[in-house]
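What follows is a single structure, written as structure tokens, with notes after it.
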Amino acid sequence: MQVHFIGLGEMEMFNLAVSLHKNGDTVTGSDELFDESLKAIMQDQGLTSSGAGWFSDKISPDLDIVVLGTTVKQDNLELLKAQELGLRVVAYPDFLFELNKLKTRVVVAGSQNRSEVVSMILHVMEYNDIEVDYAVSVPNGIHLTDTNDFVVIEADDTPSSVLDTAPKFHKYQPNIALLSDIQFEENSLYTNFETYTEQYDIFVDSIVKGGSITYNDEDAEVKMRVEASENPIRKLPYVVPEYIEEDGQVFLDTPDGEMPLEISGKTALGNLAGAKWICQQMGVDEVEFYEAIAVFK
Numbered sequence: 001m002q003v004h005f006i007g008l009g010e011m012e013m014f015n016l017a018v019s020l021h022k023n024g025d026t027v028t029g030s031d032e033l034f035d036e037s038l039k040a041i042m043q044d045q046g047l048t049s050s051g052a053g054w055f056s057d058k059i060s061p062d063l064d065i066v067v068l069g070t071t072v073k074q075d076n077l078e079l080l081k082a083q084e085l086g087l088r089v090v091a092y093p094d095f096l097f098e099l100n101k102l103k104t105r106v107v108v109a110g111s112q113n114r115s116e117v118v119s120m121i122l123h124v125m126e127y128n129d130i131e132v133d134y135a136v137s138v139p140n141g142i143h144l145t146d147t148n149d150f151v152v153i154e155a156d157d158t159p160s161s162v163l164d165t166a167p168k169f170h171k172y173q174p175n176i177a178l179l180s181d182i183q184f185e186e187n188s189l190y191t192n193f194e195t196y197t198e199q200y201d202i203f204v205d206s207i208v209k210g211g212s213i214t215y216n217d218e219d220a221e222v223k224m225r226v227e228a229s230e231n232p233i234r235k236l237p238y239v240v241p242e243y244i245e246e247d248g249q250v251f252l253d254t255p256d257g258e259m260p261l262e263i264s265g266k267t268a269l270g271n272l273a274g275a276k277w278i279c280q281q282m283g284v285d286e287v288e289f290y291e292a293i294a295v296f297k
């Protein structure tokens, strides 16, 4: 494919561009501002050559697809040129879904705790030498192949693009989902609590019929949203597991006895319980999970 990214300086956009480039696609991109840490990588990968700014001459009929970043404005020169030429313009989450529509999509959502849950899942997979694809919001956070069965996606609630303001986490149609927590912040993009929490109703209903949602049974909003959904999916609640703490060391209660952990705190332990359910649905047995999570930091 020949793909152009309008908004290449956004972390997720940059990660996806690099992944496609490594897989052999022709990739270009633009932005007004690039993080200094990305510039050397961009130059090395050949992703940009014109410096910062928007350049309408980068948009040509040869492009197969134009990917639009979250922060790009409607009057963007490159976007206007793409629309004038009748090119296919899609938001990042729509394109990510398209690239992974034949895989089992494991989507982790939540206001605050999703990143740690995803980190635990990927740690367990790596520890057990299980290859999975992933898309997470960290540098070098996207790895896509044509061979892996699973893709793990960290899904946030920011708008997809100026052309489609639906939250990103509505777009992935999970086969396996996890919802960790719902916490509204007054200075968020959403005007009120009701509007914000309704987005999670839509997320639960977007799960593929026959799929599953693993959810935090101790978060009242999460519990209410999941249990009220009429989507025909499996609902798998989790809670903070039994543990003891001695001299600052946490010991998790497991079928094989007490197991020391590197992590502590009820939030992290709750995230561990959610990650365990997800990993088991991805083929990791209980013993393999505990062995791996014991050394997670």
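Position 274 of the sequence shown, counted from 1, bears residue number 274 in the numbering used here, the numbering being contiguous throughout.
For every residue, glycine included, the Cβ atom is placed at its ideal position computed from N, Cα and C.
Every value quoted in this text rests on a predicted model; they were computed, and no experiment measured them.
- Fewer than three Cβ pairs drawn from the region 107-120 and the region 158-165 lie within less than 8 angstroms of each other, which leaves the two stretches out of contact.
- Judged by pairs of C-beta atoms under 8 angstroms, the region 195-204 touches the region 217-229, as three or more such pairs exist.
- Within the same chain, ASP217 and GLU218 come within 6 angstroms of VAL239 by CB-CB distance, once the 5 residues on both sides are set aside.
- A Cβ-Cβ separation of about 6 angstroms places MET259 in contact with ALA294 under the 8 angstroms criterion.
- For ALA109, the uninterrupted beta strand (DSSP E) segment begins and ends at 104-109.
- In the DSSP annotation of this structure, THR145 is not part of any alpha helix (DSSP H), being labelled neither H nor E.
- A distance below 6 angstroms between beta-carbons, with the five flanking residues on each side excluded, links GLN112 to the following residues of its chain, in chain order: ASP181 and GLN183.
- DSSP lists ILE213 as the bridge partner or partners of LYS235.
- Under the three-state reduction of DSSP output, ILE41 falls in the helix class.
- Within the same chain, Cβ atoms closer than 7 angstroms to the Cβ of PRO61 are found at LEU85, the five residues on either side in sequence being excluded.
- Here DSSP, grouped into helix, strand and coil, assigns GLN183 to coil.
- The residue from ALA40, GLY9 and PHE97 with its alpha-carbon nearest to that of PHE34 is GLY9.
- In the three-state reduction of the DSSP assignment, PHE251 falls in the strand class.
- Sorting ILE176, ALA17 and GLY51 by C-alpha distance to the C-alpha of VAL108 places ILE176 at the top.
- In this structure, DSSP gives SER30 an extended state, which the three-state scheme calls strand.
- The beta carbon of VAL89 is closer than 6 angstroms to those of VAL66, LEU68 and ALA82 in its chain, skipping five residues each way along the sequence.
- For the pair of segments examined, the region 189-198 was found not to touch the region 134-146: the number of CB pairs separated by less than 8 angstroms stays below three.
- ASP133: member of the beta strand (DSSP E) spanning 133-135, first to last residue.
- For LEU272, the enclosing alpha helix (DSSP H) begins and ends at 266-281.
- Secondary structure of ILE293 (DSSP, three-state): helix.
- Looking at ILE6, ALA40 and GLN45, the one whose alpha-carbon comes closest to that of LEU20 is GLN45.
- The C-beta of LYS276 has 16 or more other C-beta atoms within 10 Å across all chains shown, which makes the residue buried.
- Its chain contains TYR243, ILE244, GLU245, GLU258, MET259, PRO260 and LEU261 as the residues whose beta carbon lies nearer than 8 angstroms to that of PHE251, once the 5 sequence neighbours on both sides are disregarded; these appear in chain order.
- Residue environment for ARG105: buried (at least 16 other C-beta atoms within 10 angstroms of its C-beta).
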